[in-house]
Amino acid sequence: MPRIIPKLLRHVVRVIAVTLAIFAALVIYVVQPVGTVQASPLPPADAQRLEAHVRMLSEALAPRDAGRPERLDAVAAYIRKEFERSGARVSEQPFAVEGATYRNVVASFGPADGDVIVVGAHYDACEALPGADDNASGVAGLIELAQALGKAKPATRVDLVAYTLEEPPYFRTEHMGSAVHAASLAQAKTPVRLMIALEMIGYFTDAPDSQRFPVPAMSAVYPSTGNFVAVVGGVGAGRLVARVKRAMLGASDLPVYSMNAPSALVGVDWSDHRSYWAHGYDAVMVTDTAFFRNTAYHTAGDTADRLDYARMGKVVAGVYATVMDFSAK
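According to the numbering used here, the sequence shown holds residues 30 to 358 in order.
Below is the structure:
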(Lines of atoms letter the chains of each structure in order from A; the text may use other names.)
(Lines give C-alpha, C1' and ligand atoms only; values in the text may rest on other atoms or scores of the structure.)
Protein backbone atom coordinates (compact mmCIF):
# COMPACT_ATOMS: atom_id res chain seq x y z
CA MET A 30 0.00 0.00 0.00
CA PRO A 31 2.77 2.57 0.78
CA ARG A 32 4.10 2.19 -2.81
CA ILE A 33 0.65 2.68 -4.34
CA ILE A 34 0.08 6.06 -2.68
CA PRO A 35 3.10 7.83 -4.28
CA LYS A 36 2.10 6.43 -7.69
CA LEU A 37 -1.45 7.65 -7.18
CA LEU A 38 -0.20 11.08 -6.14
CA ARG A 39 2.04 11.30 -9.21
CA HIS A 40 -0.90 10.35 -11.41
CA VAL A 41 -3.13 12.98 -9.78
CA VAL A 42 -0.42 15.62 -10.21
CA ARG A 43 -0.04 14.70 -13.90
CA VAL A 44 -3.81 14.89 -14.44
CA ILE A 45 -3.96 18.30 -12.75
CA ALA A 46 -0.99 19.57 -14.77
CA VAL A 47 -2.51 18.39 -18.05
CA THR A 48 -5.89 19.88 -17.13
CA LEU A 49 -4.31 23.23 -16.27
CA ALA A 50 -2.29 23.19 -19.49
CA ILE A 51 -5.41 22.48 -21.56
CA PHE A 52 -7.31 25.21 -19.72
CA ALA A 53 -4.47 27.70 -20.26
CA ALA A 54 -4.27 26.83 -23.95
CA LEU A 55 -8.05 27.22 -24.27
CA VAL A 56 -7.96 30.60 -22.54
CA ILE A 57 -5.15 31.80 -24.80
CA TYR A 58 -7.04 30.68 -27.91
CA VAL A 59 -10.38 32.13 -26.86
CA VAL A 60 -9.15 35.40 -25.34
CA GLN A 61 -6.34 36.06 -27.86
CA PRO A 62 -3.77 37.98 -25.76
CA VAL A 63 -1.56 40.05 -28.07
CA GLY A 64 1.04 41.29 -25.59
CA THR A 65 2.19 44.87 -25.39
CA VAL A 66 1.05 47.05 -28.27
CA GLN A 67 2.87 50.26 -29.11
CA ALA A 68 0.01 52.71 -29.41
CA SER A 69 -0.05 55.20 -32.26
CA PRO A 70 -3.26 56.98 -31.33
CA LEU A 71 -5.49 58.24 -34.10
CA PRO A 72 -7.92 61.13 -33.70
CA PRO A 73 -11.24 59.62 -32.57
CA ALA A 74 -14.32 60.24 -34.66
CA ASP A 75 -16.03 63.49 -33.67
CA ALA A 76 -18.35 62.82 -30.71
CA GLN A 77 -20.78 65.59 -31.62
CA ARG A 78 -21.22 64.32 -35.17
CA LEU A 79 -21.69 60.76 -33.93
CA GLU A 80 -24.39 61.92 -31.55
CA ALA A 81 -26.09 63.96 -34.28
CA HIS A 82 -26.26 60.88 -36.53
CA VAL A 83 -27.59 58.69 -33.72
CA ARG A 84 -30.28 61.22 -32.83
CA MET A 85 -31.30 61.61 -36.46
CA LEU A 86 -31.67 57.85 -36.88
CA SER A 87 -33.25 57.04 -33.51
CA GLU A 88 -35.48 60.11 -33.19
CA ALA A 89 -36.24 62.06 -36.38
CA LEU A 90 -36.18 59.02 -38.68
CA ALA A 91 -37.75 56.52 -36.28
CA PRO A 92 -39.39 54.06 -36.45
CA ARG A 93 -37.07 51.97 -38.65
CA ASP A 94 -38.65 48.52 -38.66
CA ALA A 95 -39.30 46.15 -41.56
CA GLY A 96 -43.03 46.84 -41.49
CA ARG A 97 -42.45 50.42 -42.62
CA PRO A 98 -40.41 50.24 -45.84
CA GLU A 99 -41.14 53.90 -46.59
CA ARG A 100 -39.42 54.88 -43.33
CA LEU A 101 -36.47 52.68 -44.19
CA ASP A 102 -36.27 54.43 -47.57
CA ALA A 103 -35.96 57.75 -45.75
CA VAL A 104 -33.16 56.33 -43.60
CA ALA A 105 -31.39 54.98 -46.69
CA ALA A 106 -31.64 58.41 -48.32
CA TYR A 107 -30.05 60.04 -45.27
CA ILE A 108 -27.20 57.52 -45.23
CA ARG A 109 -26.66 57.94 -48.97
CA LYS A 110 -26.41 61.72 -48.60
CA GLU A 111 -23.86 61.38 -45.80
CA PHE A 112 -21.84 58.83 -47.77
CA GLU A 113 -21.79 61.16 -50.79
CA ARG A 114 -20.33 63.93 -48.63
CA SER A 115 -17.23 61.76 -48.17
CA GLY A 116 -16.52 61.60 -51.90
CA ALA A 117 -17.24 57.87 -52.06
CA ARG A 118 -18.65 56.03 -55.05
CA VAL A 119 -22.17 55.47 -53.70
CA SER A 120 -24.63 52.87 -54.94
CA GLU A 121 -27.71 51.06 -53.74
CA GLN A 122 -28.56 47.37 -53.75
CA PRO A 123 -32.37 47.05 -53.90
CA PHE A 124 -34.08 43.73 -53.30
CA ALA A 125 -37.65 42.55 -52.87
CA VAL A 126 -39.08 40.74 -49.86
CA GLU A 127 -42.75 39.76 -49.63
CA GLY A 128 -43.86 42.40 -52.10
CA ALA A 129 -41.87 45.30 -50.63
CA THR A 130 -38.59 46.78 -51.84
CA TYR A 131 -35.70 47.29 -49.44
CA ARG A 132 -32.17 48.50 -50.11
CA ASN A 133 -28.60 48.32 -48.90
CA VAL A 134 -26.51 51.48 -49.34
CA VAL A 135 -22.87 51.03 -50.37
CA ALA A 136 -19.98 53.52 -50.23
CA SER A 137 -16.86 52.37 -52.10
CA PHE A 138 -13.32 53.70 -51.73
CA GLY A 139 -10.02 52.84 -53.37
CA PRO A 140 -9.66 50.69 -56.50
CA ALA A 141 -12.82 49.64 -58.32
CA ASP A 142 -11.86 45.97 -58.46
CA GLY A 143 -9.67 43.34 -56.81
CA ASP A 144 -9.90 42.27 -53.18
CA VAL A 145 -12.43 44.05 -51.02
CA ILE A 146 -12.65 44.93 -47.34
CA VAL A 147 -16.25 45.21 -46.14
CA VAL A 148 -17.39 47.14 -43.08
CA GLY A 149 -21.11 46.95 -42.46
CA ALA A 150 -23.82 47.99 -40.02
CA HIS A 151 -27.58 47.48 -40.12
CA TYR A 152 -29.79 50.55 -40.08
CA ASP A 153 -33.13 48.94 -39.30
CA ALA A 154 -34.41 48.64 -35.74
CA CYS A 155 -36.46 46.09 -33.84
CA GLU A 156 -40.18 46.90 -34.09
CA ALA A 157 -40.98 50.58 -33.42
CA LEU A 158 -38.18 50.99 -30.86
CA PRO A 159 -35.68 53.87 -31.06
CA GLY A 160 -32.68 51.55 -31.48
CA ALA A 161 -30.02 54.12 -30.57
CA ASP A 162 -27.34 51.60 -29.64
CA ASP A 163 -28.99 48.88 -31.75
CA ASN A 164 -27.92 49.93 -34.27
CA ALA A 165 -27.93 53.65 -34.94
CA SER A 166 -24.54 53.62 -33.20
CA GLY A 167 -23.07 51.26 -35.80
CA VAL A 168 -24.45 53.31 -38.69
CA ALA A 169 -23.14 56.55 -37.18
CA GLY A 170 -19.73 54.90 -36.93
CA LEU A 171 -20.00 53.80 -40.55
CA ILE A 172 -20.81 57.35 -41.71
CA GLU A 173 -17.87 58.86 -39.84
CA LEU A 174 -15.60 56.08 -41.10
CA ALA A 175 -16.59 57.14 -44.62
CA GLN A 176 -15.40 60.69 -43.91
CA ALA A 177 -11.99 59.37 -42.82
CA LEU A 178 -11.63 56.98 -45.76
CA GLY A 179 -12.55 59.73 -48.21
CA LYS A 180 -9.34 61.48 -47.20
CA ALA A 181 -7.18 58.36 -46.92
CA LYS A 182 -7.44 56.79 -50.39
CA PRO A 183 -6.90 53.15 -49.30
CA ALA A 184 -4.78 50.88 -51.49
CA THR A 185 -7.44 48.15 -51.46
CA ARG A 186 -11.11 48.54 -52.29
CA VAL A 187 -13.16 49.24 -49.18
CA ASP A 188 -16.95 48.94 -49.22
CA LEU A 189 -18.95 50.42 -46.38
CA VAL A 190 -22.39 48.83 -46.43
CA ALA A 191 -25.47 50.00 -44.55
CA TYR A 192 -27.79 46.99 -44.41
CA THR A 193 -31.48 46.67 -43.82
CA LEU A 194 -33.54 43.79 -42.40
CA GLU A 195 -31.10 42.50 -39.80
CA GLU A 196 -33.78 42.54 -37.12
CA PRO A 197 -36.78 40.19 -36.74
CA PRO A 198 -38.77 38.96 -38.54
CA TYR A 199 -35.95 38.46 -41.07
CA PHE A 200 -33.06 37.81 -38.69
CA ARG A 201 -31.15 34.63 -39.60
CA THR A 202 -32.86 34.41 -43.00
CA GLU A 203 -31.77 34.89 -46.60
CA HIS A 204 -33.72 38.16 -46.57
CA MET A 205 -31.23 39.94 -44.33
CA GLY A 206 -29.59 42.79 -46.24
CA SER A 207 -26.19 41.41 -45.34
CA ALA A 208 -27.16 37.98 -46.68
CA VAL A 209 -28.13 39.59 -49.99
CA HIS A 210 -24.84 41.51 -50.12
CA ALA A 211 -22.65 38.56 -49.14
CA ALA A 212 -24.36 36.34 -51.71
CA SER A 213 -23.73 38.93 -54.43
CA LEU A 214 -20.01 38.96 -53.62
CA ALA A 215 -19.87 35.18 -53.65
CA GLN A 216 -21.73 35.02 -56.96
CA ALA A 217 -19.27 37.50 -58.49
CA LYS A 218 -16.37 35.51 -56.98
CA THR A 219 -15.10 38.67 -55.30
CA PRO A 220 -12.24 37.98 -52.86
CA VAL A 221 -13.09 39.40 -49.43
CA ARG A 222 -9.99 40.20 -47.40
CA LEU A 223 -11.96 41.03 -44.26
CA MET A 224 -15.51 41.83 -43.18
CA ILE A 225 -16.26 43.79 -40.00
CA ALA A 226 -19.79 44.06 -38.61
CA LEU A 227 -20.40 47.08 -36.39
CA GLU A 228 -23.08 45.84 -34.00
CA MET A 229 -23.91 48.18 -31.12
CA ILE A 230 -20.77 50.21 -30.45
CA GLY A 231 -22.02 53.03 -28.22
CA TYR A 232 -22.84 51.77 -24.72
CA PHE A 233 -20.07 51.83 -22.11
CA THR A 234 -20.21 51.99 -18.34
CA ASP A 235 -17.69 52.11 -15.50
CA ALA A 236 -20.16 50.65 -13.01
CA PRO A 237 -18.79 47.60 -11.15
CA ASP A 238 -20.21 44.22 -12.18
CA SER A 239 -21.92 45.77 -15.22
CA GLN A 240 -20.65 43.14 -17.67
CA ARG A 241 -22.35 39.78 -18.09
CA PHE A 242 -21.39 36.73 -20.15
CA PRO A 243 -23.10 33.84 -21.93
CA VAL A 244 -21.11 31.43 -19.75
CA PRO A 245 -20.47 32.44 -16.11
CA ALA A 246 -16.94 30.97 -16.19
CA MET A 247 -15.95 33.64 -18.70
CA SER A 248 -15.88 36.14 -15.84
CA ALA A 249 -12.59 34.55 -14.79
CA VAL A 250 -10.80 35.84 -17.91
CA TYR A 251 -12.80 38.92 -18.93
CA PRO A 252 -13.48 42.20 -17.07
CA SER A 253 -16.56 42.56 -14.89
CA THR A 254 -16.91 46.22 -15.89
CA GLY A 255 -18.49 47.09 -19.24
CA ASN A 256 -15.95 49.69 -20.34
CA PHE A 257 -14.35 47.83 -23.27
CA VAL A 258 -15.12 46.97 -26.88
CA ALA A 259 -15.09 43.36 -28.06
CA VAL A 260 -13.88 41.70 -31.26
CA VAL A 261 -15.69 38.41 -31.89
CA GLY A 262 -14.59 35.79 -34.39
CA GLY A 263 -15.37 32.19 -35.16
CA VAL A 264 -13.47 29.04 -34.38
CA GLY A 265 -10.36 28.83 -36.55
CA ALA A 266 -10.05 32.61 -36.94
CA GLY A 267 -7.53 33.14 -34.15
CA ARG A 268 -4.89 34.93 -36.20
CA LEU A 269 -7.48 37.12 -37.91
CA VAL A 270 -9.02 38.21 -34.62
CA ALA A 271 -5.61 38.84 -33.04
CA ARG A 272 -4.62 41.08 -35.96
CA VAL A 273 -7.84 43.10 -35.73
CA LYS A 274 -7.44 43.39 -31.98
CA ARG A 275 -3.83 44.56 -32.27
CA ALA A 276 -4.76 47.26 -34.81
CA MET A 277 -7.59 48.51 -32.61
CA LEU A 278 -5.46 48.54 -29.47
CA GLY A 279 -2.86 50.65 -31.25
CA ALA A 280 -5.39 53.29 -32.29
CA SER A 281 -6.55 54.51 -28.87
CA ASP A 282 -6.51 53.85 -25.14
CA LEU A 283 -9.89 52.10 -25.24
CA PRO A 284 -9.61 48.54 -23.84
CA VAL A 285 -10.17 45.88 -26.51
CA TYR A 286 -10.98 42.26 -25.67
CA SER A 287 -11.54 39.44 -28.10
CA MET A 288 -13.03 36.00 -28.34
CA ASN A 289 -13.02 33.08 -30.76
CA ALA A 290 -15.97 30.80 -30.21
CA PRO A 291 -18.45 28.58 -32.06
CA SER A 292 -21.77 29.95 -33.28
CA ALA A 293 -23.53 27.79 -30.69
CA LEU A 294 -22.37 30.21 -27.98
CA VAL A 295 -25.15 32.76 -27.43
CA GLY A 296 -24.48 36.03 -29.23
CA VAL A 297 -21.46 34.97 -31.27
CA ASP A 298 -23.25 35.05 -34.63
CA TRP A 299 -26.02 37.49 -33.77
CA SER A 300 -25.23 40.08 -36.42
CA ASP A 301 -24.41 40.59 -40.08
CA HIS A 302 -21.00 38.89 -40.03
CA ARG A 303 -22.83 35.55 -39.96
CA SER A 304 -23.94 36.19 -43.56
CA TYR A 305 -20.29 36.27 -44.68
CA TRP A 306 -19.32 33.24 -42.64
CA ALA A 307 -21.96 31.36 -44.64
CA HIS A 308 -19.84 31.92 -47.77
CA GLY A 309 -16.50 31.13 -46.13
CA TYR A 310 -15.38 34.76 -45.85
CA ASP A 311 -13.22 36.02 -42.98
CA ALA A 312 -15.48 38.15 -40.79
CA VAL A 313 -15.58 39.54 -37.26
CA MET A 314 -18.03 41.49 -35.13
CA VAL A 315 -17.02 44.64 -33.26
CA THR A 316 -19.48 45.24 -30.43
CA ASP A 317 -20.14 46.68 -26.99
CA THR A 318 -21.55 43.17 -26.28
CA ALA A 319 -25.21 44.23 -26.60
CA PHE A 320 -27.54 42.66 -24.02
CA PHE A 321 -24.63 41.31 -22.00
CA ARG A 322 -24.11 44.93 -20.91
CA ASN A 323 -26.85 47.21 -22.19
CA THR A 324 -30.03 46.51 -20.22
CA ALA A 325 -32.04 48.68 -22.64
CA TYR A 326 -31.46 46.24 -25.52
CA HIS A 327 -34.67 45.88 -27.58
CA THR A 328 -36.61 48.20 -25.28
CA ALA A 329 -37.97 51.74 -25.51
CA GLY A 330 -35.09 52.75 -23.26
CA ASP A 331 -32.46 52.30 -25.98
CA THR A 332 -32.15 56.06 -26.49
CA ALA A 333 -29.44 58.43 -27.66
CA ASP A 334 -28.86 59.99 -24.25
CA ARG A 335 -27.52 56.70 -22.84
CA LEU A 336 -24.55 56.40 -25.20
CA ASP A 337 -20.91 57.35 -24.66
CA TYR A 338 -19.92 59.19 -27.83
CA ALA A 339 -16.32 59.84 -26.79
CA ARG A 340 -15.57 56.13 -26.41
CA MET A 341 -17.66 55.38 -29.47
CA GLY A 342 -15.32 57.68 -31.40
CA LYS A 343 -12.38 55.57 -30.23
CA VAL A 344 -14.09 52.45 -31.57
CA VAL A 345 -14.36 54.12 -34.97
CA ALA A 346 -10.67 55.09 -34.82
CA GLY A 347 -9.82 51.46 -34.10
CA VAL A 348 -11.89 50.20 -37.02
CA TYR A 349 -10.25 52.78 -39.30
CA ALA A 350 -6.80 51.58 -38.17
CA THR A 351 -7.84 48.00 -38.89
CA VAL A 352 -9.11 48.83 -42.37
CA MET A 353 -5.90 50.66 -43.25
CA ASP A 354 -3.79 47.77 -41.90
CA PHE A 355 -5.64 45.18 -43.98
CA SER A 356 -5.69 47.51 -46.98
CA ALA A 357 -1.90 47.78 -46.99
CA LYS A 358 -1.24 44.04 -47.37
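All C-beta atoms in this analysis are idealised placements derived from N, C-alpha and C, irrespective of residue type, glycine included.
Fair warning: this is a prediction, and the values are worked out from it, not measured in the lab.
**OP:** Alpha carbon to alpha carbon, how far is A191 from S307? Give it in angstroms, no decimals.
**Re:** As a working note, residue 307 is residue 278 in the sequence shown. As a working note, residue 191 is residue 162 in the sequence shown. The question names Ser, but residue 307 is Ala in the sequence shown. C-alpha separation (whole angstroms): 19 Å.
Original post:
What is the residue span of the beta strand (DSSP E) that A125 lies within?
Top reply: Numbered from its first residue, the sequence shown carries residue 125 at position 96. Segment R118 to V126, the beta strand (DSSP E) holding A125.
Original post:
Should S360 and A333 be called a contact, given that it needs their Cβ atoms to be closer than 8 Å?
Top reply: No answer is possible for residue 360: it lies beyond the span of the chain, which begins at 30 and ends at 358.
Original post:
Given that a residue counts as buried once 16 or more other Cβ atoms are within 10 Å of its Cβ, and exposed if not, what is Q176?
Top reply: As a first step, residue 176 is located in the sequence shown; it is residue number 147 there, counting from the start. The residue in question, Q176, is buried, as its Cβ has 16 or more Cβ neighbours within 10 Å.
Original post:
If you drop the 5 nearest sequence neighbours on each side, which residues of the same chain put their C-beta closer than 6 Å to that of A211?
Top reply: In the sequence shown, residue 211 corresponds to position 182, counting from 1. S304, Y305 and H308.
Subject >> DSSP three-state assignment for I108, whether helix, strand or coil >> reply: Taking the first residue of the sequence shown as 1, we reach residue 108 at position 79. Correct three-state label for I108: helix.
Original post:
Going by the CB atoms, is the gap between G231 and L158 shorter than 8 Å?
Top reply: As a working note, residue 158 is residue 129 in the sequence shown. As a working note, residue 231 is residue 202 in the sequence shown. Inclusion of L158 and G231 in the CB contact set at 8 Å is not warranted, their separation being larger than that value.
**OP:** Report yes if the CB atom of V352 is closer than 8 Å to the CB atom of V315, and no otherwise.
**Re:** Within the sequence shown, the letter at position 323 stands for residue 352. Within the sequence shown, the letter at position 286 stands for residue 315. No. Outside cutoff.
Subject >> Contact check, V119 vs A141, beta carbons under 8 Å >> reply: Locating residue 119 in the sequence shown gives position 90, counting from the first residue. Locating residue 141 in the sequence shown gives position 112, counting from the first residue. Taking 8 Å as the Cβ cut-off, V119 and A141 do not qualify as a contacting pair.
Subject >> Continuous alpha helix (DSSP H) assignments of at least 4 residues falling wholly in the stretch 247-289 >> reply: Scanning the stretch 247-289 for uninterrupted alpha helix (DSSP H) segments of 4 residues or longer gives 267-278, listed from N- to C-terminal end.
Original post:
Are the beta-carbon atoms of F242 and N256 separated by less than 8 Å?
Top reply: Here residue 242 corresponds to residue number 213 of the sequence shown, with the count starting at 1. Here residue 256 corresponds to residue number 227 of the sequence shown, with the count starting at 1. For F242 and N256, no; Cβs fall outside 8 Å.
Subject >> Backbone secondary structure at N323 - three-state DSSP >> reply: Sequence index remark: in the sequence shown, residue 323 carries index 294 (1-based). Correct three-state label for N323: coil.
Original post:
What is the residue span of the alpha helix (DSSP H) that M341 lies within?
Top reply: On the sequence shown, position 312 is the one that residue 341 refers to. That run of the alpha helix (DSSP H) goes Y338 to A357.
**OP:** List the residues that DSSP assigns as beta-bridge partners of R186.
**Re:** In the sequence shown, the residue the question calls residue 186 occupies position 157. In the DSSP output, where bridge partners are listed per residue, R186 has V145.
Original post:
Who are the Cβ neighbours of P73 in its own chain at under 6 Å, not counting the five residues just before and after it?
Top reply: For this step, residue 73 is matched to residue 44 along the sequence shown. Same-chain partners within the cutoff: G342, K343 and A346.
Original post:
Taking the alpha carbon of A339 as the point to measure from, which residue in A293, S213, S281 and A319 has its own alpha carbon closest?
Top reply: What you label residue 339 is simply residue 310 of the sequence shown in a count that begins at 1. For the residues A293, S213, S281 and A319, the minimum Cα distance to A339 belongs to S281.
**OP:** Kindly list the residues whose CB is nearer than 6 Å to the CB of G360, restricted to its own chain and excluding five residues on each side of it in sequence; keep chain order.
**Re:** In the structure as shown, the chain starts at 30 and stops at 358, and residue 360 therefore has no counterpart that could be examined.
**OP:** Identify every run of the beta strand (DSSP E) within the stretch 192-245, keeping only runs that are complete inside it and at least 3 residues long; order them along the chain.
**Re:** Counting whole runs of 3 or more residues, the stretch 192-245 contains the beta strand (DSSP E) stretches 221-228.
Original post:
Can you check whether the CB of D331 is closer than 8 Å to the CB of A161?
Top reply: Here residue 161 refers to the residue found at position 132 when the sequence shown is read from its first residue. Here residue 331 refers to the residue found at position 302 when the sequence shown is read from its first residue. Result yes, Cβ atoms of A161 and D331 sit closer than 8 Å.
**OP:** Ignore the nearest five residues each way along the sequence and tell me which others in P98's own chain have a CB closer than 8 Å to its CB.
**Re:** As a first step, residue 98 is located in the sequence shown; it is residue number 69 there, counting from the start. Result list for P98: A129, T130 and Y131, in chain order.
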